[in-house]
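Visitor: Everything in the sequence shown is counted per our numbering, starting at -18 for the first residue and increasing by one.
Positions of the beta carbon are idealized from the N, C-alpha and C atoms, including for glycine.
Once you've had a glance at the structure underneath, I'll fire off some questions.
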Amino acid sequence: MKPQFSNWIVGWDVCQGVCPWNRFSKPTSEIELTCHPQTLHFTKADLQEITEDYFKKKQILGYQNKPSFF
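Below is the structure:
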């Protein structure tokens, strides 16, 4: 499936852009849902090479060794 996504991370790019509910959106106050500063500089190659261990240790995207809805 990787080739089908091209430069998209998950394919949400288009969904977020066309969703009519997003016109009512506001920035979240949930710290676990905000963009982690360590991910802002990631390239496509960085994302393809990230390991689960790194993800957990660095708490990427609010991950804190607990169940979530993701």
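1. Considering just the uninterrupted stretch of the alpha helix (DSSP H) at Q29, what are its terminal residues?
2. Quick one: grab the DSSP three-state call for T15.
3. To the nearest angstrom, how far is it from the Cα of I31 to the Cα of L14?
4. By DSSP, does T20 sit in helix, in strand, or in coil?
Guide: From the atom records:
1. K25 to E30
2. coil
3. 19 Å
4. helix
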